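The structure appears right after this line, and notes come after that.
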Amino acid sequence: MKYTRDRTRIVKIGDIEIGGGKTVAVQSMAKTATTDVSGVLGQIERAHNAGCDIFRVSVPDMDSARSLGEIVKNSPIPIVADIHFDYKLALASIEAGVHKLRINPGNIGSPERVKIVANEAMARNIPIRIGVNAGSLPKDIFEKYGKPCADAMVESAEREINILREVGFENIVVSLKSSSPQITLEANLKFSQKYDYPLHIGVTESGFGVQGIVASTVGMTTILSAGIGDTIRVSLTEPPENEVRVAREILRFLGLRKYWVRLVSCPTCARCEVDLPAIAQRVWDNVKYLKNDITVAVMGCVVNGPGEASDADIGVACGKNSGIIFKNGRQISKIRDDEIVSSLLSGIDDLLKGISN
Ligand code: SF4
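Final position of the sequence shown in the working numbering is 359; the numbers increase by one with none missing.
This is how it looks when you write it as structure tokens:
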């Protein structure tokens, strides 16, 4: 049987529900020491403003676990504790009030320890995400397959799932990540043929800049388009808010989330007689955090400009040192080029207040 995102189990992470066809949630992760509470909270705030739904922090030691209470208390979004090896860190994180654990039970020692963590998580309805990474497969599984591959990743996930099932824990989310988009896709497809646990997806270690964005977009798009993926994280060597912006654009362009302003702007050419890149940048800087599903067009000339501008909720078709503003498909004014940005912004403001002209 194949489980798509409509048919995965619903799992609750704080006040966010994932799985069962719920909205695909966007995650990111802190990139500073967890003991730097104000630094982490600053990253959370910027990520949240950019559209992040769930935020993860690493818990490498007990000092980090002790910092979690303050982070959880002041975070506007649910917090996930990322733990390796030490079950006491998991217990301390649960005690601090985190909303989800990312921990592989096979890493934390004896069945008794797994049971203690699972019981505490169960008592507070905290899910556990099992994270399989192609780069850190168990030695015996790696040797069986001879290389990181989809089957090895699924077998590794199964092993971890069975450890939790043996202690009666089913509140599970799974991720299968690789730096190869093809292997990541294949692993997620194979896994979702067999299990209905919600899947957190991502292409890990994507890099930065254009290459990182393209690797993430290609990898995520193929998986999401196959109907798989209940939460996503774009992993970039960049600040969390940049990861979130890429994630939200992927979801928006796939029609999986309907919010955030879409800015349509032309690439410019010899017909353009205004400083269009500067105009588009100033408009974007003012609208990029607006959580409204509207389209704004900034076009360089009257050849293609009027069509795009009138298709958008609001737009401008520029001319020689001037611009024609369109709103809801109608031309409403002709203005000087130094008035374009302010005119568009006040028009957007009116649109959001429901004023049509
Ligand atoms: Fe060139 Fe006009 Fe097209 Fe912009 S809209 S790329 S200026 S033809």
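Note that the Cβ used here is the ideal one computed from N, Cα and C, for glycine as well. Keep in mind that this is a model prediction, so the values were computed, not measured.
beta-carbon residue i near ligand 1 non-hydrogen atom, thresh 8 Å
{"i": "Asn323", "result": "no"}
{"i": "Arg273", "result": "yes"}
{"i": "Leu270", "result": "First, the amino acid is wrong: residue 270 is Thr here, not Leu. Thr270 Cβ: within cutoff of ligand 1."}
{"i": "Cys303", "result": "yes"}
{"i": "Leu278", "result": "yes"}
{"i": "Gly317", "result": "no"}
{"i": "Asn306", "result": "yes"}
Residue burial classification, residue i (beta-carbon count within 10 angstroms, cutoff 16)
{"i": "Cys271", "result": "exposed"}
{"i": "Pro107", "result": "buried"}
{"i": "Lys149", "result": "exposed"}
{"i": "Val212", "result": "exposed"}
{"i": "Ile12", "result": "exposed"}
{"i": "Gly305", "result": "Here residue 305 is Val; the residue named in the question, Gly, does not match the sequence. Answer is exposed; the Cβ neighbour count stays below 16."}
{"i": "Ser112", "result": "exposed"}
{"i": "Phe171", "result": "buried"}
{"i": "Met222", "result": "buried"}
{"i": "Phe193", "result": "buried"}
{"i": "Thr239", "result": "exposed"}
{"i": "Met64", "result": "exposed"}
{"i": "Gly137", "result": "exposed"}
{"i": "Arg250", "result": "buried"}
{"i": "Ser227", "result": "exposed"}
{"i": "Asn190", "result": "buried"}
{"i": "Val183", "result": "According to the sequence displayed, residue 183 carries Pro and not Val. Pro183 should be labelled buried."}
Counterpart residues of residue i in DSSP-defined beta bridges
{"i": "Met301", "result": "Ala319"}
{"i": "Phe255", "result": "Its beta-bridge partners do not exist; DSSP assigns none."}
{"i": "His202", "result": "Ser177, Thr233"}
{"i": "Val266", "result": "Ala299"}
{"i": "Phe328", "result": "Gly317, Gln333"}
{"i": "Met20", "result": "Per the sequence shown, the amino acid found at residue 20 is Ile instead of Met. Answer is Val13, bridged to Ile20."}
{"i": "Arg161", "result": "Paired residue(s): none; Arg161 is not in a bridge."}
{"i": "Asn135", "result": "Lys179"}
{"i": "Glu338", "result": "As written in the sequence, residue 338 is Arg, which differs from the Glu given in the question. For Arg338, which the question treats as bridged, DSSP gives the partners Ser324."}
heavy atom of ligand 3 below 8 Å from residue i C-beta
{"i": "Asn323", "result": "In the structure on display, ligand 3 does not appear, and the ligands it does have are ligand 1."}
Scan the region 101-128 and note each continuous alpha helix (DSSP H) run of 4 residues or more that stays entirely inside, going in chain order. 113-125
(request) Please list the segments of the alpha helix (DSSP H) lying wholly inside the region 57-91, counting only runs of 4 or more residues, in order along the chain. (result) 64-76
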